[in-house]
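Since the structure comes first, as structure tokens, the remarks are kept for the end.
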Amino acid sequence: MAKNYKIFISHSWSYPDDLKNLQNLLNQRGYFNVEFKEATQEQPINSLSAAYIKAVLKKKILESDVVLAISGIYASHSDWIEWEILTSHGNNIPIIGVAPWGQERISKTVTKYSVADVKWNTESIVQAIRTYAK
Numbered sequence: 001m002a003k004n005y006k007i008f009i010s011h012s013w014s015y016p017d018d019l020k021n022l023q024n025l026l027n028q029r030g031y032f033n034v035e036f037k038e039a040t041q042e043q044p045i046n047s048l049s050a051a052y053i054k055a056v057l058k059k060k061i062l063e064s065d066v067v068l069a070i071s072g073i074y075a076s077h078s079d080w081i082e083w084e085i086l087t088s089h090g091n092n093i094p095i096i097g098v099a100p101w102g103q104e105r106i107s108k109t110v111t112k113y114s115v116a117d118v119k120w121n122t123e124s125i126v127q128a129i130r131t132y133a134k
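Note that the UniProt record's numbering gives residue 8 to position 8 of the sequence shown, counting from 1, and the numbers run on in steps of one.
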């Protein structure tokens, strides 16, 4: 039976299509089962309290087998993405950097803590997940 991977995707709210496209990419891959743990625009964390949001996100991160960090340059300028990366790293959740489609430069915030960095390619992402997920 195929493993069901629990995945948290660290992403920017300014680029919601990156999140949706990555989820679709993985959902459409045959013989690869995923459950996504991150907050989305469809299921946001409805709170203005940063402490509450961090508590909910930390729980989701800790439930995950791996964190995929969409590593566009914008990730280097996001306090939230940095917090998610540091929380994952500090709790031994493997981080895989995923370069957005067509981008050559990626965030040093992500690459500093990632166990692997891959291009926007289904097979390389799936292989990295299978290799590094806990």
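Beta carbons are placed, not taken as given, at the ideal position from N, Cα and C, and that holds for glycine.
In its chain, beyond the 5 residues on either side, Ile45 have a beta carbon closer than 6 Å to the beta carbon of Val56. Gly97: not part of any alpha helix (DSSP H); member of the beta strand (DSSP E) spanning 95-98, first to last residue. Taking C-beta separations shorter than 7 Å and ignoring five residues to either side along the sequence, the partners of Lys119 in its chain run Ala99, following chain order.
Boundaries for Lys6: no alpha helix (DSSP H) harbours it, while the beta strand (DSSP E) harbouring it runs 4-10, taken from the DSSP string.
In the three-state reduction of the DSSP assignment, Val56 falls in the helix class. Bounds of the alpha helix (DSSP H) holding Asn21 are 16-27.
With contacts defined by Cβ atoms closer than 9 Å, Val115 and Pro94 form a contacting pair. In the three-state DSSP reduction, Ala69 falls in the strand class (E or B).
Note on geometry: alpha-carbon atoms of Ala75 and Ser124 lie some 21 Å from one another. Rounded to whole angstroms, the gap between the alpha carbons of Ser14 and Asn33 is 27 Å. Segment contact: the segment 6-23 against the segment 47-67, three or more CB-CB distances shorter than 8 Å; contact assigned.
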